[in-house]
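Reviewing the structure listed below.
Chains as they are written, first to last, in this note's numbering: chain D, 1331 to 1681; chain G, 1331 to 1681.
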């Protein structure tokens, strides 16, 4: 049934497009300098007999660990890997929680109550704790053995992902897994490659932002390591910061039910990465482009990713697509005039 | 912005409410008779050195394993547990895939191409395979070492969940974990307790079905083992079978962004179970009842669950809520006149 709506009030009162964060490249370069710390954390952990790696966080901080968790699980024969919402983790912890577990807890402010509580709880049970947050002095850091910080107020998700990628690489090396020799080069190319990606994608993202509407729910489909970008775009940027109905669906599930809602009354965004799960999103895109109306494909193949070795593009495409998701939110703010900082409830009412 | 819509065409042309499936109790009783087979599978697997349990499936078959995976992860110190979409599993398999992995593959028909392919792929890599499907003669069974079947066309999710619960119990016993002595009694109470639950909940579910609308997206929030019920209600019953915009969100993430869309333009269903994650949904309910308009709480505490020992209600509440989700779909069909069997694309076009 077509939903008849008044024309969107905000379209004629947009906001200026935010500039790409001036601290973007310096922040990510700073993250690369945490390599030695990541190696020390991994060395200590494996030396102390750690066998289980659990990432915890809430909302966007949960989603920012999906890339690392997926990367590790596909490569580590010796470690078990999980990514769990922090409140879920504390309420129903894995039975393996104990001294053999390294818990990597993420919270931008370092003050997210559930994540701080989960860190304290895990530490009491003997786990090793790593805080991933903005700075080195906050409650989460206080509850942890190590602090991996990125020092930026706005370059957050990509910074966390690169910190966790670095930690993942160190854990793999420490446990004797084969790591492609160019892995480090791919990571070091990212600060400028991701800046370039945003500049190049800006016109396309502006167009997508204009063609989305608050009246149509927006489904964000992706796969594998890029599910983090799909989660944060739908739940954080669209629902929280743009008051749009939205959700994320794994490409492997999309054609088993949800595709029935591919109609003129909903928008579909597909994040298409270059890792081994790409065939899943390709199949969705093929179907959606044949039958859908408001279908928007954001494909990392369109990005040069200068400096990233061709055979390792799949290792970093999820980070690149995450950055484009963040940038799409900027464009949506510009198109609608709805500030990304406006909230109904968050930090305004008790919950 | 209020979405002005014509009155729903289908509300005045409902369908008769389907009866509760006549095969409901016999099917679940039949499942209980698979106990010896579950014990044999577990005994063989652990005897052969299995350390990793991976559940695979697509869509509703993926979600029907969430209960067992959550149950096992919280109790097993010796096994690693994962639940992965079958296409994701084959595209980017866990590095641990090999002879020490037991892959439990679910597909109602036993013919889901991605799940059959994942089973064959895992078996080639040395894994032990268990098929969970309707019958004992289908492609998935052909690719597997064992077949756990439930023999019903319509009593599906609860049957799968009970088969997997039984297998989980056997795996825990086989690996020497403590299992509450009343665990079996709780399972044996379910066939009649779940029938009773549906009969008792029918009036309330009918009311919820009438108050949902296709114009408002419906968010289904839950936690822990009950996320399976939230997944299947939103993606299978609402999106696929009722053409409603819907999604599922973990209660631990809900207050970190998505709650900003708790408005008069969306519906919220909270599945509230009695496992250790209940505080997460209680917090959401408290917030939503204060600020929301179309908020519907489905709480297993309202069910007698006759015969289930009080202290084990949390082990089975997710199964009970899953059954109520299925029954809610029946009521929604009755209220809208939109047959649960109608499809736009599934099995009608190429994809």
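For glycine and all other residues, C-beta sits at the position ideal for the given N, C-alpha and C. Being a predicted model, the structure only gives us computed values, none of them experimental.
query	result
Burial state of residue 1501/G (16 or more Cβ within 10 Å)	buried
Beta-bridge partners of residue 1625/G, as assigned by DSSP	1598/G
Residue 1509/G classed as buried or exposed, judged by whether at least 16 other C-beta atoms fall within 10 angstroms	exposed
Under 7 Å between C-beta atoms of residue 1597/G and residue 1578/G	no
Residues of its chain near residue 1629/G, where Cβ-Cβ distance is below 6 Å and the 5 sequence neighbours each way are ignored	1602
C-beta atoms of residue 1377/D and residue 1665/D nearer than 7 Å	no
Beta strand (DSSP E) segments (min. 3 residues) lying fully within the segment 1525–1568 of chain G	1548–1552
Nearest candidate by alpha-carbon position, reference residue 1512/G, set 1407/G, 1586/G, 1638/G, 1478/G	1638/G
Same chain only: Cβ atoms within 7 Å of residue 1660/G, ignoring 5 sequence neighbours per side	1347, 1348
C-alpha distance - residue 1587/G paired with residue 1572/D, whole-angstrom precision	10 Å
Contacting residues, own chain, Cβ-Cβ under 8 Å from residue 1362/G (five flanking each side not counted)	1492, 1496, 1517, 1518, 1521
Closer than 6 Å: residue 1610/D CB and nearest the ligand ZN heavy atom	This structure does not include the ligand ZN; it has no bound ligands of any sort.
Same chain, Cβ closer than 6 Å to residue 1477/D, five either side skipped, listed in chain order	1461, 1466, 1471
Bridge-paired residues (DSSP) for residue 1410/D	1382/D
Closer than 7 Å to chain G by CB, residue 1569/D	yes
Which residues DSSP lists as bridging residue 1580/G, in chain order	1552/G
Residue 1377/D - partner residues in DSSP beta bridges	Answer is none; residue 1377/D lacks a bridge partner.
Contacts of residue 1634/G in chain D (Cβ-Cβ under 8 Å)	Per Cβ cutoff of 8 Å: no residues; residue 1634/G is ~25 Å from chain D at best.
Chain D contact residues for residue 1607/G, given Cβ-Cβ distances below 7 Å	1418, 1421, 1422
Cβ neighbours of residue 1469/D in the same chain (closer than 8 Å, five flanking residues each side left out)	1440, 1441, 1446
N-terminal and C-terminal residue of the beta strand (DSSP E) that residue 1453/G is part of	Unbroken run through residue 1453/G is the alpha helix (DSSP H), 1443–1454; no beta strand (DSSP E).
Residue closest to residue 1670/D, alpha-carbon to alpha-carbon, out of 1568/D, 1417/D, 1590/D	1568/D
Same chain, Cβ closer than 6 Å to residue 1458/G, neighbours up to 5 away in sequence not counted	1375, 1432, 1475
Contact check, residue 1390/G vs residue 1562/G, beta carbons under 7 Å	yes
Where the beta strand (DSSP E) containing residue 1476/D begins and where it ends	1476–1479
Reduced DSSP secondary structure (H/G/I, E/B, other) of residue 1458/D	strand
Cβ separation of residue 1550/G and residue 1576/G, assumed to be a contact under 8 Å, to the nearest whole Å	7 Å
Buried or exposed by the 16-neighbour rule on C-beta atoms within 10 Å, applied to residue 1703/D	Since the first residue of chain D shown is 1331 and the last is 1681, residue 1703/D is not available in this structure.
7 Å Cβ cutoff, residue 1557/G in contact with chain D	no
Sub-7 Å separation of residue 1416/D and residue 1387/D beta-carbons	yes
Residue from 1662/D, 1350/D, 1570/D, 1631/D with nearest C-alpha to residue 1676/D	1570/D
Any chain G beta carbon closer than 7 Å to residue 1619/D	no
Which listed residue (1647/G, 1681/G, 1373/G) has its alpha carbon closest to that of residue 1506/G	1373/G
C-alpha gap between residue 1438/G and residue 1486/G, whole angstroms	7 Å
Neighbouring residues, chain D, relative to residue 1591/G (Cβ below 7 Å)	1569, 1573, 1575
Sheet register partners of residue 1387/D (DSSP bridge)	1415/D
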